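First residue of the sequence shown? That's 200 in my numbering, and the numbers climb one at a time after it. Here the structure is laid out as structure tokens; the discussion comes afterwards.
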Amino acid sequence: MKIGIIGSGVSAMSVARMLNHKHQVTLFEQENHIGGIASTKNLDGVAYHLVGGHCFNSKNQAVLDFVFNNILAKDQWHLVQRDAKIAFKNHTISYPIEFAVQEIAQFDEQLAVNIIEDFISADNQSCDNLAQWFVEKFGKTLAEEYLIPYNQKIWHQDPKKMSPSWVEGKLPTPNKKDFIKNLLHPQQDTMPHAYFYYPNSNDQNTFLTALSAGLDVNLETKITSIVKQGNQWLLNNEYTFDHIISTMPLNKLPFVIQGTPSAIKAQAEKLKYNQVSNMLWESRDLGGRTWTYYPDKDTIFHRHIHIGNFFIPKKNFTITESIGSKSYDEMLEAGQKIDYLSKPVDYHQSDYAYVVYDNNHQSATTDIKDYLTSIGLDTLGRFGQWEYFNMDICIENAMRIAEKLVTTQRTP
Ligand SMILES: Cc1cc2nc3c(=O)[nH]c(=O)nc-3n(C[C@H](O)[C@H](O)[C@H](O)COP(=O)(O)OP(=O)(O)OC[C@H]3O[C@@H](n4cnc5c(N)ncnc54)[C@H](O)[C@@H]3O)c2cc1C
200 MKIGIIGSGV
210 SAMSVARMLN
220 HKHQVTLFEQ
230 ENHIGGIAST
240 KNLDGVAYHL
250 VGGHCFNSKN
260 QAVLDFVFNN
270 ILAKDQWHLV
280 QRDAKIAFKN
290 HTISYPIEFA
300 VQEIAQFDEQ
310 LAVNIIEDFI
320 SADNQSCDNL
330 AQWFVEKFGK
340 TLAEEYLIPY
350 NQKIWHQDPK
360 KMSPSWVEGK
370 LPTPNKKDFI
380 KNLLHPQQDT
390 MPHAYFYYPN
400 SNDQNTFLTA
410 LSAGLDVNLE
420 TKITSIVKQG
430 NQWLLNNEYT
440 FDHIISTMPL
450 NKLPFVIQGT
460 PSAIKAQAEK
470 LKYNQVSNML
480 WESRDLGGRT
490 WTYYPDKDTI
500 FHRHIHIGNF
510 FIPKKNFTIT
520 ESIGSKSYDE
530 MLEAGQKIDY
540 LSKPVDYHQS
550 DYAYVVYDNN
560 HQSATTDIKD
570 YLTSIGLDTL
580 GRFGQWEYFN
590 MDICIENAMR
600 IAEKLVTTQR
610 TP
């Protein structure tokens with residue numbers, strides 16, 4: 200079968216690698232480089248993650264096997280232990296915050312008491328918005344002092360107007376027993392990404408380049424038209440395929456496919472997403488700290504990735520992230536107020552970065568995906584499926600599509 204894949208990010212290249220031994224696979228990428236959101240720019244040996252720092256791990260052994268056995272051997276990666284902090288009320292405390300109550304007690308005992316009291320009496324009821332979900336799972340004080348302000352920042356939305364559907368499974372919630380045990384004796388960090396892999400080359404692009412090996416990628420080829428003609432697909436009036444997999448954003452795809460009903464286009468127009476602005480800085484030595492969260496309103500940043508601590512040997516570099524479109528000057532001014540940032544090195548503004556789970560998310564994505572299924576087009580990836588997926592989940596979803604298509608026979 201001839202398969203056309205739109206995009207060359209982790210999703211597109213993963214599914215292509217899973218299929219290209221069996222089918223004739225061609226990828227189309229609008230940019231002049233592969234890798235999509237995960238790609239980096241190497242600045243004198245420092246990998247600048249243009250859309251924010253990335254670390255790789257998976258709970259799914261099949262995903263790890265795919266990466267380590269087929270793409271980049273395990274000995275080409277090193278393990279980094281997560282050491283995340285939170286800048287909280289002018290203090291630096293450990294992440295996750297629910298296990299840092301003793302640290303909070305050192306500067307505000309009453310706040311720590313309120314956190315404990317509310318966490319233990321949280322009733323875990325079902326809830327229909329994100330703000331309520333935080334209160335139900337973590338108690339009122341932690342929700343109001345940390346989780347709601349941080350999420351307000353990262354989503355640029357009032358968590359009361361957001362669906363909690365993405366958060367289950369994505370944000371680990373401790374049970375009351377673990378919370379209490381941790382008050383008595385600090386527990387071992389067993390959350391996802393407690394450890395993660397980073398390439399020994401100190402640049403994530405090594406993984407992306409390995410993923411692209413043997414693939415036929417047409418760079419600088421934006422797909423602007425998709426036409427179904429009988430059992431065949433015509434892309435840009437030029438390329439013919441038996442099957443199409445799209446990883447382009449779901450809010451754009453319906454407008455590119457000829458004949459999409461206006462009701463589906465109307466649903467696509469409802470989908471919301473956030474951009475992210477980033478600045479790479481030389482920073483001072485922060486020990487092994489991997490990243491810092493900033494929930495407070497007094498800074499535009501929501502997170503700093505201390506990317507130099509992903510490298511071996513470590514280097515003192517930090518990427519500051521801010522949701523939305525922020526100018527160089529805004530990022531510089533905000534960064535100059537942070538004591539460990541010493542010199543700006545580079546700056547970038549992304550387009551697609553975070554899917555927003557507002558109240559339209561579920562009905563709009565369901566309608567669009569049902570339509571795509573009805574015409575036989577597969578959509579895949581963080582913006583292809585319009586879900587808050589990390590690289591490992593993109594690879595997992597690529598496996599599902601590949602499993603379906605490897606058993607499909609080539610057209611004579
Ligand atoms: C700030 C941030 C931090 C993150 N951190 C992590 C992390 O630590 N760990 C982790 O595992 N994941 C992380 N992620 C998620 C990870 O980046 C994504 O899951 C993954 O990169 C998505 O890959 P994708 O192929 O689905 O999409 P994309 O990378 O968006 O790829 C889609 C590709 O399609 C191309 N395209 C779009 N339209 C067209 C068109 N019309 N024609 C041709 N080409 C087109 C785009 O140019 C792009 O290259 C993070 C994401 C963000 C935003």
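Beta carbons are placed, not taken as given, at the ideal position from N, Cα and C, and that holds for glycine. Since the model is a prediction, treat every value here as computed from it, not as a measurement.
Supposed close pair residue i, residue j - CB separation, criterion 8 Å
| i | j | result |
| --- | --- | --- |
| valine 214 | alanine 601 | 5 Å |
| isoleucine 443 | leucine 226 | Between leucine 226 and isoleucine 443 the Cβ distance is about 11 Å, and since that is not below 8 Å, they are no contact. |
| leucine 329 | serine 293 | Not a contact, Cβ separation roughly 24 Å. |
| glycine 208 | isoleucine 236 | 6 Å |
| aspartate 402 | alanine 246 | 4 Å |
| tryptophan 354 | valine 555 | 6 Å |
| isoleucine 233 | leucine 407 | 6 Å |
| aspartate 441 | methionine 200 | 4 Å |
| lysine 352 | proline 494 | 7 Å |
| tyrosine 178 | tryptophan 365 | Residue 178 lies beyond the residue range present for the chain, which begins at 200 and ends at 611; the question has no answer from this structure. |
| phenylalanine 337 | glutamate 302 | So it is not a contact: roughly 16 Å between Cβ atoms. |
| leucine 322 | isoleucine 463 | Residue identity differs from the one stated: residue 322 is aspartate in this sequence, not leucine. Going by Cβ atoms, the distance from aspartate 322 to isoleucine 463 rounds to 40 Å, so no, they are not a contact pair. |
| threonine 372 | glycine 583 | With 8 Å as the limit, threonine 372 and glycine 583 do not qualify as a contact, their Cβ atoms being about 28 Å apart. |
| glutamate 419 | asparagine 241 | Not really, about 20 Å apart at Cβ, beyond 8 Å. |
Sheet register partners of residue i (DSSP bridge)
| i | result |
| --- | --- |
| valine 416 | Leu226 |
| glycine 487 | Leu485 |
| serine 362 | DSSP, once it has assigned bridges, lists no residue as partnering serine 362. |
| arginine 502 | Tyr492 and Glu520 |
| lysine 375 | BP columns for lysine 375 are empty, so no partner. |
| proline 543 | Trp480 |
| tyrosine 551 | None, per the DSSP bridge assignment. |
| tryptophan 276 | Pro398 |
| serine 445 | Ile205 and Thr578 |
| isoleucine 347 | DSSP output for isoleucine 347 lists no bridge partner at all. |
| aspartate 557 | Met361 |
Which of helix, strand or coil DSSP assigns to residue i
| i | result |
| --- | --- |
| leucine 479 | strand |
| lysine 451 | coil |
| asparagine 473 | strand |
| threonine 610 | Any reading at threonine 610 must be qualified, since the residue scores a pLDDT of 48, below 50, and its modelled position is unreliable; the value itself is stated next. Coil. |
| histidine 220 | coil |
| threonine 439 | strand |
| serine 461 | helix |
| proline 398 | strand |
| tryptophan 354 | helix |
| methionine 212 | helix |
| threonine 572 | helix |
| glutamine 431 | strand |
| isoleucine 425 | strand |
| glycine 534 | helix |
| aspartate 528 | helix |
| aspartate 193 | Lying before the first or after the last residue shown, residue 193 is absent from the chain, which here runs from 200 to 611. |
| isoleucine 270 | helix |
| isoleucine 456 | strand |
| asparagine 404 | helix |
| phenylalanine 509 | helix |
| serine 411 | coil |
| glutamate 602 | helix |
| glutamine 466 | helix |
| aspartate 566 | helix |
| cysteine 593 | helix |
| lysine 339 | helix |
| asparagine 515 | coil |
| lysine 380 | helix |
(Q) Measuring CB atoms only, is the segment 549-559 touching the segment 415-425, in the sense that at least three cross pairs come out at less than 8 Å? (A) no
Q | Cβ pair count under 8 Å reaching 3, the segment 245-252 against the segment 266-273 | A | no
Q. Residue ranges of each beta strand (DSSP E) run of no fewer than 3 residues wholly in the segment 279-335, ordered along the chain?
A. 283-287 and 290-293
Q. Touching or not, the segment 518-530 and the segment 476-483, by the rule of three or more beta carbon pairs under 8 Å?
A. yes
Q: Count the CB pairs spanning the segment 445-460 and the segment 305-312 that are closer than 8 Å, and state whether there are at least three.
A: no
Q) For the segment 232-265, which segments carrying the alpha helix (DSSP H) assignment without a break, of at least 4 residues, lie completely within its bounds, in sequence order? A) 260-264
Q.
Could you check whether the segment 502-517 touches the segment 394-414, counting it as contact only if at least three pairs of C-beta atoms, one from each stretch, sit closer than 8 Å?
A. yes
Q) When the Cβ atoms of the segment 486-494 are set against those of the segment 582-602, are three or more pairs found closer than 8 Å? A) no
Q: Could you say if the segment 311-327 and the segment 277-289 meet the contact criterion of at least three C-beta pairs nearer than 8 Å?
A: no
(Q) Would the segment 496-505 count as touching the segment 529-543 if we require 3 or more Cβ pairs under 8 Å? (A) yes
Q.
Below 8 Å, how does it come out for the segment 461-475 and the segment 537-553: are there three or more Cβ pairs, yes or no?
A. yes
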